[in-house]
Amino acid sequence: GAVVSQHPSRVICKSGTSVKIECRSLDFQATTMFWYRQFPKQSLMLMATSNEGSKATYEQGVEKDKFLINHASLTLSTLTVTSAHPEDSSFYICSASSSAGVMETQYFGPGTRLLVL
Amino acid sequence: DAKTTQPPSMDCAEGRAANLPCNHSTISGNEYVYWYRQIHSQGPQYIIHGLKNNETNEMASLIITEDRKSSTLILPHATLRDTAVYYCIVRPLQGAQKLVFGQGTRLTINP
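Going line by line, the protein sequences match chains A and B. Each residue of the first sequence is one higher than the one before, starting from 3 at the first, in the numbering used here. Each residue of the second sequence is one higher than the one before, starting from 68 at the first, in the numbering used here.
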């Protein structure tokens, strides 16, 4: 399957600082990338859909000014958690959509564990 | 909301076949059935998908009932590394559509 990477794999930051997470599709071009968040013992929750060259579409309840998404190229999307607080501590996972004919299978990155102190 | 229903947990002996059921009674004609799994502290891994015919790949087999209201993921010879949460998801045929994850089935493979 296609390969998606994330960087960093884990990050610890102080409350009030901003953290940037990168998501890269390594062997394919991804016109669409998705950002998910997963709290302990819970399922993945979609935060936003990111299309290359356009503004991201956020799910209800997700603050777009707090979670800044940039999808500047077909292989890179970034999520910036601004003014992070302890409640933002979570496992952030991206996925990228690989076009294969009419089907578009999503492949996931390994995730980034964020701990805000 | 997720459009699928799965048992919260299952156990299977190592070396045996693991059969994971999924109900998707409200599936529409243009929706595929996708299966992903998530091993602890990792991103979900794509396993297989299908529309109405049974599918098989190197990881698993997918059996979809004729009315498409349910399906079964089969891991033919489960190993300890197959211990994970397995998610059954339905999504439309075309377009980069978002995946809606339910709670999945926590499969434990026992030695």
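Positions of the beta carbon are idealized from the N, C-alpha and C atoms, including for glycine.
key: chain B contact residues for G113/A, given Cβ-Cβ distances below 8 angstroms   = S108, Q109 and G110
message = Taking the alpha carbon of L76/A as the reference point, which residue from K22/A, K43/A and S56/A has its own alpha carbon closest?
response = S56/A
ask   = Based on Cα-Cα distance, which residue from V157/B, T150/B, R158/B and K136/B lies nearest to P178/B?
value = T150/B
request  = Determine, using beta-carbon pairs with one atom in the region 27 to 39 of chain A and one in the region 85 to 101 of chain B, whether at least three such pairs fall under 8 angstroms.
outcome  = With the cut-off at 8 angstroms, the region 27 to 39 of chain A and the region 85 to 101 of chain B do not touch.
ask   = Name the chain B residues whose beta carbon is nearer than 7 angstroms to that of S45/A?
value = F168, G169, Q170 and G171
task = Using a threshold of 8 angstroms, state whether the C-beta atoms of R173/B and V152/B are closer than that.
result = yes
task = Give a yes or no on whether the minimum CB-CB distance between K119/B and chain A is below 8 angstroms.
result = no
ask   = Exposed or buried, D90/A, counting other C-beta atoms within 10 Å across all chains shown (16 or more means buried)?
value = buried
query = Under 8 angstroms, do Y103/B and Q112/B count as touching if we go by C-beta distance?
reply = Yes, the pair counts as a contact, with Cβ atoms nearer than the cut-off.
ask   = Using a beta-carbon distance below 8 angstroms, is Y113/B in contact with chain A?
value = Answer yes: the Cβ-Cβ gap between Y113/B and chain A drops below 8 angstroms somewhere.
task = With DSSP collapsed to three states, give me the class of L28/A.
result = When secondary structure is reduced to three states using DSSP, L28/A falls in the coil class, being assigned neither helix nor strand.
query = Using CA coordinates, which residue listed in Q73/B, H107/B, I94/B and Y101/B is at the minimum distance from L147/B?
reply = H107/B
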